[in-house]
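Have a look at the structure below, then the notes.
In our numbering, the protein residues as written are -19 to 517.
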């Protein structure tokens, strides 16, 4: 088990955990271990079984997601490899396994620790357990399928893909130099304020008035348009050579106008440390777009738009990284030419046909899995605009890659609170027919309260029901899970459009479904509060 303790204070982690459970309508009574003083809470969250343990000092909580995957011990090497690889590349979760008493089955587990129970952060970590449950399960299933019942060559195959593993473990942001396939290129080496504003808030053609920067070295005001556009926010707290922190935190306030509009608007940005390792210094940037003042032409008060992104400053030179990818790419070309078998990773390099594109794919996915969604967007958009003209290529392999990139871009944009762009990419991705792509497309419609979501859900429900009726070989459990998901999303939209009776009827019908029970209880309680507020305004 892994854990950490904070300095003792007045905050009760136990109370915070109980508040979180109560807020999410989860019933769980703490059980105290008399020997070590820990308090354990077993609970179900969105269909997943968790155990939370608060230490005897009430200073931190360890959360376990046990036995999410069971694997025959004939494939223990795949289990070990999965735990090792994901422990190296995922910072906030730890992956482990245990073997049952008869020695036939390996049980895989996920765990994390926290010294505070922040509602959003804690929910995100629980959701991350589900994400890696799916990802690792698919990874292991695919590996077993490749090797059959014989996993004796697993370490040999791992050694052959050592270069790829090296890339995944690194955290550097790479430079591109004249990639022939790149039609529009994001700068993935140097963080610039101009690109940050475009990616997060869709701000283009901004007329910068001033940028006020403040950190431990003092206050500085920039007024030159170019200097402001090229400002590196991570550079406010990280040294130029990326070797150390120079400030614990920093703030930046931008004053700007738009073409044909002299109204001065403001964006407030906070830059804070988010940890470091031997390669990278991780930086959290939280930005708020301050609403325009209320006036005769704008009588309605707007809510501020905010986003928070994780980025990093790397110590390794871009050239070293590009040389490594170039070496790997050439190696796969030679192996394919000579008829040697390729691993999945090498096959991807070979099909992409270009080291720059492969680089953007690898690093885009690497940052995605680390929840560095802003950095992932920069790489994946480079890839999107590069392969888009080849969508109708005769061999068709660009289509699968293109849909996959669109899905991950849509997911990333939702995570940084830019639903308009998220919908653009997910509307493309849904054309693949991939269930995961379809579900995320429905998510963006539901989470943004888009009226088109109801019609889309109705069509999908009808298609799935017809398919189940006519296809005797269909995976019934998989499609029923999709139908439950669609019902939950439809109920959410019913509430958004004040169709409370319809929502209540739908969520009541889901109470008998284990995967939807807790969610349905939460939404029914919310509906009850809304109805009471309407009856007693």
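Even glycine gets a Cβ: it sits at the ideal position worked out from N, Cα and C.
Predicted model, so just to flag it, every value in this text is computed and none were measured.
Same chain, Cβ closer than 6 Å to residue i, neighbours up to 5 away in sequence not counted
i: residue 200; result: 193
i: residue 91; result: 44 and 74
i: residue 206; result: none
i: residue 287; result: 180, 267, 396 and 397
i: residue 473; result: 426, 433 and 434
i: residue 340; result: 359, 362 and 363
i: residue 250; result: 231 and 266
i: residue 370; result: 378
i: residue 332; result: 338
i: residue 208; result: 188, 191 and 202
i: residue 116; result: 62
CB contact flag (residue i, residue j, <8 Å)
i: residue 503; j: residue 475; result: yes
i: residue 501; j: residue 484; result: no
i: residue 47; j: residue 33; result: no
i: residue 413; j: residue 425; result: no
i: residue 494; j: residue 28; result: no
i: residue 386; j: residue 357; result: no
i: residue 337; j: residue 330; result: no
i: residue 464; j: residue 490; result: yes
i: residue 101; j: residue 89; result: no
i: residue 252; j: residue 243; result: no
i: residue 571; j: residue 351; result: The structure shown does not extend to residue 571, since the chain spans only -19 to 517, so no value can be given for it.
i: residue 85; j: residue 64; result: no
i: residue 191; j: residue 177; result: no
i: residue 235; j: residue 189; result: yes
i: residue 388; j: residue 344; result: yes
i: residue 292; j: residue 355; result: yes
Nearest-angstrom beta carbon gap, residue j and residue i [assumed within contact, 8 Å]
i: residue 335; j: residue 305; result: 5 Å
i: residue 505; j: residue 5; result: 6 Å
i: residue 217; j: residue 230; result: 5 Å
i: residue 285; j: residue 391; result: Actually they are not in contact, since the Cβ atoms of residue 285 and residue 391 sit about 19 Å apart, beyond 8 Å.
i: residue 467; j: residue 480; result: The pair is not a contact, with the Cβ atoms about 16 Å apart (cut-off 8 Å).
i: residue 295; j: residue 223; result: 7 Å
i: residue 108; j: residue 72; result: 7 Å
i: residue 50; j: residue 87; result: 6 Å
i: residue 171; j: residue 213; result: 6 Å
i: residue 62; j: residue 120; result: 6 Å
i: residue 70; j: residue 349; result: 7 Å
i: residue 518; j: residue 196; result: A question about residue 518 goes unanswered here, because the residues of the chain that appear run from -19 up to 517.
Contacts around residue i, its chain only, beta-carbon distance under 8 Å, and the 5 residues preceding and following it disregarded
i: residue 158; result: Residue placement at residue 158 cannot be trusted, given a pLDDT of 29 that sits under 50; what the coordinates show is reported in the next sentence. No residues qualify anywhere along the chain.
i: residue 239; result: 185 and 187
i: residue 97; result: -7, -4, -3, -1, 0 and 41
i: residue 498; result: 4, 5, 6, 24, 25, 26 and 27
i: residue 135; result: Caution applies to residue 135, whose pLDDT of 43 falls short of 50 and renders its modelled position unreliable; the model cannot decide the point.
i: residue 99; result: 0 and 3
i: residue 383; result: 408, 409, 411, 412, 414 and 417
i: residue 422; result: 433, 436, 437, 440, 465, 466 and 469
i: residue 456; result: 448
i: residue -16; result: At residue -16, the pLDDT of 35 sits below 50, so the modelled position is not reliable and the matter cannot be decided from this model.
i: residue 399; result: 393, 424, 427 and 428
Distance cut-off 7 Å: residue i Cβ against heavy atoms of the ligand ZN
i: residue 335; result: The model depicted lacks the ligand ZN and carries no ligand whatsoever.
Close Cβ partners of residue i (< 7 Å) along its chain, the five nearest in sequence each way excluded
i: residue 60; result: none
i: residue 124; result: 55 and 58
i: residue 461; result: 495
i: residue 482; result: 474
i: residue 256; result: 262
i: residue 511; result: 480
i: residue 509; result: none
i: residue 444; result: 459, 462 and 463
i: residue 83; result: 53
i: residue 8; result: 1, 21, 22 and 23
i: residue 254; result: 262, 263, 264 and 290
i: residue 316; result: 322 and 330
Below 8 Å, can you find three or more Cβ-Cβ pairs linking the region 35 to 48 to the region 12 to 20? As far as the Cβ criterion goes, the region 35 to 48 touches the region 12 to 20, which means the pair count is three or higher.
Suppose only complete runs of 4+ residues qualify. What are the alpha helix (DSSP H) ranges in the region 434 to 485, listed by chain order? 456 to 476
Does the structure place the region 436 to 451 close enough to the region 397 to 409 that three or more beta carbon pairs sit under 8 Å? no
Unbroken beta strand (DSSP E) runs of length 3 or more, entirely within the region 487 to 514: which are they? none
Minimum length 3: unbroken beta strand (DSSP E) runs contained in the region 198 to 268: 198 to 202, 229 to 238 and 241 to 256
Runs of alpha helix (DSSP H) wholly within the region 316 to 394 (minimum 4 residues, chain order): 324 to 332, 335 to 349 and 353 to 367
Which ranges would you report for the alpha helix (DSSP H) in the region 21 to 63 if only whole runs of at least 4 residues count? none
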